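**Student:** Numbering (the numbering used here), first residue to last: 28 to 97.
We put the CB at the ideal spot given by N, CA and C, even for glycine.
Since we're looking at a predicted model, the values are computed, not measured.
Quick one: the structure is below, and I'll ask about it shortly.
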């Protein structure tokens with residue numbers, strides 16, 4: 028699985044982001060591996076779309092599924 032977890036620039040605590048990812052994995056109907064900070068990076072900084080901003084305001088994060096998330 029490959030997905031990005033997008034958060035506000037005000038969040039710099041990796042554990043918070045890890046918790047969002049763990050909650051996402053628990054929502055899947057198939058078996059997933061444990062999320063590890065070893066492969067997490069704060070790597071994307073860009074302007075968010077209105078939909079992403081709305082997600083972050085409502086849930087604290089937004090998620091972009093990229094590979095093998097179904």
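Do the CB positions of residue 32 and residue 90 come within less than 7 Å of each other?
**Tutor:** In this structure, residue 90 lies closer than 7 Å to residue 32 by Cβ.
**Student:** Alpha carbon to alpha carbon, what distance is there between residue 54 and residue 94?
**Tutor:** Each residue's alpha carbon lies about 16 Å from the other.
**Student:** What residues match up with residue 32 in a beta bridge as DSSP calls it?
**Tutor:** Bridge partners of residue 32: 90.
**Student:** Tell me, to the nearest whole angstrom, how far the beta carbon of residue 83 is from that of residue 34; I am working on the premise that it is less than 8 Å.
**Tutor:** At roughly 7 Å, the Cβ-Cβ gap stays under 8 Å, so residue 83 and residue 34 are in contact.
**Student:** Distance, Cα to Cα, residue 80 vs residue 74?
**Tutor:** In a straight line, the C-alpha of residue 80 is about 9 Å away from that of residue 74.
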